[in-house]
Every structure is written in C-alpha cells, then in structure tokens.
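Remarks on the structure that follows.
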Amino acid sequence: MAGIPAHLSWAIIRNNNAFLVKKRNIKKPFSTEPSNLSNLASFRFNGLIHKKTLGVEPAKEGKGFQLVWKKTRNQHKLSKLTNKTTMKAGPRRSLYKLRRFIVKNGYRKDLTKAALRRASAVLKSQRPVPAKKNRPKKTE
Amino acid sequence: MASALARPLITVYSEKNEKTGTSLHLPVVFKAPIRPDVVSFVHHQMSKNRRQPYAVNKDAGHQTSAESWGTGRAVARIPRVRGGGTHRSGQGAFGNMCRGGRMFAPTKTWRRWHRRINVNQRRFALVSSIAASGVPALVMSKGHMVHDIPELPLVVSDKVQSFNKTKQAVIFLRRIKAWTDVQKVYRSRRLRAGKGKMRNRRRVQRRGPLIIYGEDQGLKLAFRNIPGVDVCSVKKLSLLKLAPGGHVGRFIIWTESAFRALDAIYGTWSSPSSEKKDYNLPTPKMTNTDLSRLLKAEEIRKVLRTPHKRPVRAVRKQNPLRNVRAMLKLNPYAAVLKRKAILTIQKKHLDKQEFLAKKTGVPLQKTKQQVRYEQLIQKRKEAIQKSKAAKPKTAKKAKKAPAAK
Chain A
1 MAGIPAHLSW AIIRNNNAFL VKKRNIKKPF STEPSNLSNL ASFRFNGLIH KKTLGVEPAK
61 EGKGFQLVWK KTRNQHKLSK LTNKTTMKAG PRRSLYKLRR FIVKNGYRKD LTKAALRRAS
121 AVLKSQRPVP AKKNRPKKTE
Chain B
1 MASALARPLI TVYSEKNEKT GTSLHLPVVF KAPIRPDVVS FVHHQMSKNR RQPYAVNKDA
61 GHQTSAESWG TGRAVARIPR VRGGGTHRSG QGAFGNMCRG GRMFAPTKTW RRWHRRINVN
121 QRRFALVSSI AASGVPALVM SKGHMVHDIP ELPLVVSDKV QSFNKTKQAV IFLRRIKAWT
181 DVQKVYRSRR LRAGKGKMRN RRRVQRRGPL IIYGEDQGLK LAFRNIPGVD VCSVKKLSLL
241 KLAPGGHVGR FIIWTESAFR ALDAIYGTWS SPSSEKKDYN LPTPKMTNTD LSRLLKAEEI
301 RKVLRTPHKR PVRAVRKQNP LRNVRAMLKL NPYAAVLKRK AILTIQKKHL DKQEFLAKKT
361 GVPLQKTKQQ VRYEQLIQKR KEAIQKSKAA KPKTAKKAKK APAAK
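Sequences listed follow chains A and B, in order. UniProt numbering puts the first sequence at residues 1 to 140. UniProt numbering puts the second sequence at residues 1 to 405.
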C-alpha cells in the first residue's frame, strides 16, 4: 500500500512536529526523532516519513552500535515495523558490515555516508578517553 | 502497484491485543485529502465558540461628576473632580490616562465572541483530521508514543464499549500498548505558565489517545478517569478532539462498530453519505501526491527537454593583450612569436656580453643555462650533420629531380 507519500507528510510536519528543535542563532532546526541519522530536520534525514529509514544507536551493552531499519511491508503495523541488529565486531568490521548492508540491499544508499559517520561517532564515544599528557609549561 | 487510493484491510484486535478473525476495509474517509491549513483555520474558529464574555463594568471611571477647569488655571485641561475636602478633589477623571479614569475602549460584552463556520468547511476539516490519524508518520510527529501498537488505524473489538471499570480500561490500554502514551501524559503534568494559574486553569497536561465508540455501554465511565484519554461517539465527532491545538494526527482507537459506521457517515466517493444530507467526501486536488514518483514517471519525462547537466556559465572576459592565455586562445602562433622575441633578446644580450668580454679581455662567465644551451646547439648541429651524412645522396637527388619539375 502506497500510503501517504513522504513529500506530503513532509509538507505537513516540516515546521510543526513534536521532534522539532529550534535554537537561537541557528538557521537549520534540529530533529530528535529516533531514526534520524544527522539529527537535522530535513526531508532526507527524517526518520518517520519515509518507507525506508535507517537508525544507528549505541548498543545497550556499551559496545558496538545497533542498526535499526524499517520493514517496507509493515508500514501500518507499528509494532512490527522495525528490525534491529547489533554490530559489535571491531570498528573496521562493523563499519564494513554497515556499508555492505546499505549498499548491497540498496537500502537508502543516499544515507551511507551519514550512517557510517554516525556509527563511527558512536564507536568513538565508546573508546576510553586517552589520558591527557601533562605538558611542562614553557618558560621564557 | 497499488494506487494511493487503494483500500487495505485492517484487522480488528480483541481487547487482549489478539487478532480477531475480522478484518475491515479501510473506510474511504482515511483517503481524504489532508489539509492542515483548513484544519487549523476551522479549529481556531471553533475554539472561539466556547468563550465566555468578559467586559469591564460599564460605569467604571464614569461615576464622578468631573468637569474641566478650562484654560487659564495653569493646569491641564482634563476634567477634574469637583468639590473639596478630600484627596480626590481636583484630580483628573474620565480619561484613559487618568488615575481612576475609564480605560481606552472599554471592553463590551457584545463583542463578537463566537464564529460561524461553513458546514462544508467544518466537515472538510473533520475528514482531514480523520485521514491524518491513519498515517503513522503524522501521529508520531504529533508526539504520541505509538511505537508498539499493533496497527494504525487501531480498531478494537466492541467489547471495549462495555467496560465500566477503570481497571479494565487500564488493562486494555496496557495490552494494546497504548499505555506509553498515557504515561507520557502523566509525565507532562505541570503548572501552567502565566496568570491562568490564578484563574482556575492551574494545571496543564498533554493529550493522550482518543477512543471513538459506536455505542456507549459503560465505556465513558471506564475511561474518563484516565488522564489524557478522551472519549467520543462516532456520530458526534468533534474537530477539537480530533485535532487538538489545530494540529492533525491524534492517536485514535476505534471500536469495531465505530469503524464500520464511518463509510455510512461520511460516504465514499462513489456513494454520498447516508447520514449527512447532501454530503460527499472532498475530492483531492491530486490523486497522486508522490513527488518522487511523479518526477520519475514516463509520461512526464517524455515531455521534458533534455536536462542541462553542465550549465554554461558566463565566463569573464580576459584581455588578450594583458593575459597570455587569453591571447593564446585567440592566436596560438603568438606563443611562437613571443618565444622568438624572448630568445632574440636573450641572444642579443649574450652577444653584447661576449663582445664586451672580448674587448675588455675579461673572460665571460656564462650561466649554467647558457652553457647548456650552447652545448645543446652544438649537439644539434652535430646530429644534423650526422644524419645528412648518413642519408644516401642519390636518393636525395632522385627526389629533388621530380620536385623541381
């Protein structure tokens, strides 16, 4: 079932929805819905209006990230809408797997870069922060 | 490819969130055009209809017999209170600028508080908001927590209508996974900002799910104490409940009989409404609103001209007399001429130096480049002579003879 096309939904909610976040002096509003890869309020990145959406979240165990994607058949059966897999192999393999998933399935190829970026950011946040070296003060 | 106007089957869920065998066709109302502008307008007009008039006392500020002192008394000409013996005497009265005077344009009770809205507009808005409640993206965007509900639009068996205990209602909402929306209402309870606090509007909370029933067999009593939950009969749908705030996309739970009644109440496009006189659903302006589909469609692509992938942009004119590359573009031979000129200058310079050197007896120190250049010339000469010597002379003569003719 075609349902409502994404463009129409976007026209309705672009300036008016519960996830819209506007901040002072920042022209482009943010968006806090779960499957938004860039957290920006934009047509392409919106996590609700498209038939296929991608979400990258940190995995609950604290290692690796979780890929959330929509199943195209169940657009109206909300409990069965999303599929999740956790990628907890090391960073190179996880990112490879992620890229493979997107490109080979042709699942929102326009989001590959953004997805990889977000996954890397998640992985980076899970690495231990390197201890700051105490630099001796420069005299003179 | 299903058209946008296809009517899928919606399963009815039991009050325990199991699929009953029944499935209903989606009523055509859900395919009506969604017009948030109409909804917003009608909602704002409608919400004015519950207003109670407010006004200032009509005598306020006029209960004095003040009169202006006129000119010549070194005071402003505003009417002043008569008499004496009290602070009030001689004070300004009547004007909006005076203390104790009446306000500018005192508010009247006969202000036009209510608005009438055209019946068709009202129905359009209603139908739009029902349609929007069937779109998961719009309902989620409104903020309702509907991630785990089995299906949208959510239709539940008629058993719900005979609930009369709140406990049953809560269990039902829990099972259907609508409870998270109610929890959100609980979490959103706060004090109102502003003076409404002291005007009996102290607390504010979010709106939760709306339950639309066909027949009330106790349902209202069961659900009324749950915060955020609204209850409504199909026959008396109100835009204020379907699109609270003027925004489309409320989370609605339909009972089976309510869902079935929709086609009769609002009609389908092929048959007008049987409940409303002379009413049929609004026809959409576009049957296919999928922009990306349209842009890729054959019928449209065929009529378009070829795309200009590389637009020709205006190039700034460069003066060839000052810009070497511009000159070369116009006249490639200019390179040769220029090089010739440069080399001639260099040669002349070199010759002059040699001449001077000879004259003064000072041996000339040649730069590396000059030395190499001379070597190069020498090599070339030798190479040419070599190749000349290598070529058989007869062949050359034979060649020359016919060319001379």
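Ideal Cβ positions, reconstructed from N, Cα and C, are used throughout, including at glycine.
How would you list, in chain order, the residues of chain A whose beta-carbon sits under 7 Å from the beta-carbon of residue i?
| i | result |
| --- | --- |
| GLY149 of chain B | The residue asked about is misnamed: residue 149 of chain B is Ile in this sequence, not Gly. The answer, in chain order, is LEU78, SER79. |
| PRO36 of chain B | ILE12 |
| ALA156 of chain B | According to the sequence as given, residue 156 of chain B is Val; it is not Ala. Those within 7 Å of VAL156 of chain B in chain A number zero; the least Cβ separation is about 15 Å. |
| HIS247 of chain B | ASN16 |
| VAL146 of chain B | LEU78 |
| LEU152 of chain B | HIS76, LEU78 |
| THR287 of chain B | Ordered by position in chain A, no residue passes the 7 Å Cβ test against THR287 of chain B, which lies about 11 Å from the chain. |
In chain B, which residues lie with their C-beta within 9 Å of the C-beta of residue i?
| i | result |
| --- | --- |
| SER42 of chain A | Result: empty, since nearest Cβ-Cβ is about 14 Å, beyond 9 Å. |
| LEU48 of chain A | PRO136, ALA137, LEU138, MET140, SER141 |
| PHE19 of chain A | MET140, SER141, GLY143 |
Measure the CB-CB distance between residue i and residue j and report whether it falls below 8 Å.
| i | j | result |
| --- | --- | --- |
| HIS43 of chain B | ALA125 of chain B | yes |
| VAL204 of chain B | ARG187 of chain B | no |
| SER15 of chain B | PHE223 of chain B | First, the residue type needs correcting, since residue 15 of chain B is Glu and not Ser in the sequence shown. Contact flag unset, no. |
| ALA66 of chain B | ALA93 of chain B | yes |
| LEU54 of chain A | GLU33 of chain A | no |
| ASN74 of chain A | LEU67 of chain A | no |
| ILE300 of chain B | LEU294 of chain B | yes |
| LYS40 of chain A | LYS28 of chain A | At residue 40 of chain A the sequence reads Leu, which differs from the Lys that was named. Yes, the pair counts as a contact, with Cβ atoms nearer than the cut-off. |
| THR20 of chain B | SER157 of chain B | yes |
| VAL81 of chain B | ARG73 of chain B | no |
| GLY70 of chain B | ARG102 of chain B | no |
| MET97 of chain B | LEU239 of chain B | no |
| VAL122 of chain A | PHE65 of chain A | yes |
| VAL155 of chain B | ILE10 of chain B | yes |
| LYS48 of chain B | ARG115 of chain B | yes |
| ALA131 of chain B | LYS31 of chain B | yes |
| LEU98 of chain A | ALA115 of chain A | yes |
| VAL248 of chain B | ILE34 of chain B | yes |
| LYS326 of chain B | PRO332 of chain B | With the sequence shown as reference, residue 326 of chain B is identified as Ala, and Lys is not the correct amino acid for it. No; because the gap between Cβ atoms is not below 8 Å, this pair is not in contact. |
What residues from chain B crowd round residue i, counting only those whose CB sits closer than 7 Å?
| i | result |
| --- | --- |
| SER9 of chain A | VAL135, ALA137, LEU138 |
Would you grab the beta carbon distance between residue i and residue j for me? Rounded to a whole angstrom, and I think it's under 8 Å.
| i | j | result |
| --- | --- | --- |
| ARG182 of chain B | ILE226 of chain B | The amino acid at residue 182 of chain B is misidentified as Arg; the sequence shows Val. Confirmed, about 6 Å. |
| LEU78 of chain A | GLU151 of chain B | 7 Å |
| ALA243 of chain B | SER129 of chain B | 4 Å |
| GLY143 of chain B | ALA18 of chain A | 3 Å |
| TRP69 of chain A | ASN83 of chain A | 6 Å |
| ALA264 of chain B | SER274 of chain B | 5 Å |
| THR255 of chain B | VAL160 of chain B | 6 Å |
| THR112 of chain A | ILE102 of chain A | 5 Å |
| SER40 of chain B | GLY246 of chain B | 4 Å |
| ILE149 of chain B | LYS177 of chain B | 5 Å |
| ILE26 of chain A | PRO36 of chain B | Not quite, the Cβ-Cβ distance comes to about 25 Å (not below 8 Å), so this is no contact. |
Residues of chain A with CB closer than 8 Å to the CB of residue i, please, in chain order.
| i | result |
| --- | --- |
| GLY21 of chain B | The contacting residues do not exist; GLY21 of chain B stays about 17 Å from chain A at best. |
| SER47 of chain B | Near SER47 of chain B there are no residues of chain A at all, since even the closest Cβ is about 17 Å away, more than 8 Å. |
Cβ closer than 9 Å: which chain A residues qualify as neighbours of residue i?
| i | result |
| --- | --- |
| HIS43 of chain B | Result: empty, since nearest Cβ-Cβ is about 13 Å, beyond 9 Å. |
| SER292 of chain B | PRO5, ALA6, HIS7 |
| residue 436 of chain B | Residue 436 of chain B lies beyond the residue range present for chain B, which begins at 1 and ends at 405; the question has no answer from this structure. |
List, in chain order, every chain B residue whose beta-carbon is nearer than 8 Å to that of residue i.
| i | result |
| --- | --- |
| GLN75 of chain A | PRO136 |
May I have a chain-ordered list of the alpha helix (DSSP H) segments no shorter than 4 residues that lie completely inside the segment 226–271 of chain B?
239–242, 256–266
Across the segment 202–222 of chain B and the segment 107–114 of chain B, are there enough close Cβ pairs to call them in contact, namely three or more that are closer than 8 Å?
no
In chain order, what are the residue ranges of uninterrupted alpha helix (DSSP H) at least 4 long that sit wholly in the segment 152–211 of chain B?
166–175, 179–187
Quick one: any contact between the segment 27–34 of chain B and the segment 164–180 of chain B, if contact means 3 or more CB pairs under 8 Å?
no
Sufficient close CB pairs (3 or more, under 8 Å) joining the segment 51–68 of chain A to the segment 132–139 of chain B
no
Please give me, in chain order, every unbroken run of the alpha helix (DSSP H) with length at least 4 that falls completely inside the segment 284–355 of chain B.
291–296, 298–303, 324–330
Suppose only complete runs of 3+ residues qualify. What are the beta strand (DSSP E) ranges in the segment 4–29 of chain B, listed by chain order?
9–13, 19–25
My parser needs the alpha helix (DSSP H) runs of 4 or more residues fully inside the segment 78–114 of chain A; what are they?
Qualifying alpha helix (DSSP H) stretches, in chain order: 91–105.
If you scan the segment 85–159 of chain B from start to end, which runs of the alpha helix (DSSP H) of 4 or more residues do you find wholly inside it?
119–132, 136–141
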